[in-house]
Ligand SMILES: [Cu+2]
């Protein structure tokens with residue numbers, strides 16, 4: 002997962018159960034990667050930082066940036 006600007010790319014990612022997903026902030030601006038379900042939260046996530054989370058349950062996991070709440074995306078774990 003990349004944060005190249007004011008969006009998460011890709012916006013929807015489908016992965017099998019047990020996948021470790023890594024986000025990288027490729028933007029010059031700080032963001033957060035924050036689960037709607039409180040599963041994970043990076044707090045302020047600076048330019049160049051990476052964050053990983055392993056999805057061990059199936060479902061649709063929405064997340065967003067708390068600094069820019071219009072930045073939303075989802076991980077679909079199958
Ligand atoms: Cu942001």
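Numbering (the numbering used here), first residue to last: 2 to 79.
Note that CB positions come from ideal geometry on N, CA and C, so glycine has one too.
Next item on the list: Can you give me the start and stop residues for the beta strand (DSSP E) that residue 3 sits inside?
Entry: For residue 3, the enclosing beta strand (DSSP E) starts and ends at 3 to 6.
Check: Skipping 5 residues on each side, what residues in its chain have a beta carbon closer than 7 Å to that of residue 26?
Finding: By the criterion of a C-beta distance shorter than 7 Å, residue 26 is surrounded in its chain by 4, 32, 46, 47, 48, 49, 50, once the five residues flanking it on both sides are discounted.
Note to self: When you measure from the CB of residue 31 to every non-hydrogen atom of ligand 1, does any distance come out below 8 Å?
What the structure shows: At least one heavy atom of ligand 1 falls within 8 Å of the beta-carbon of residue 31.
Check: Is it the case that the CB of residue 72 approaches a heavy atom of ligand 1 more closely than 8 Å?
Finding: Yes.
Next item on the list: Measure the C-alpha to C-alpha separation of residue 29 and residue 16 and round it to an integer number of angstroms.
Entry: Going from the Cα of residue 29 to the Cα of residue 16 covers about 28 Å.
Item checked: Cut-off 6 Å between Cβ atoms - residues of its own chain near residue 13, not counting five sequence neighbours on either side -> Cβ neighbours of residue 13 beyond the five flanking positions: 75.
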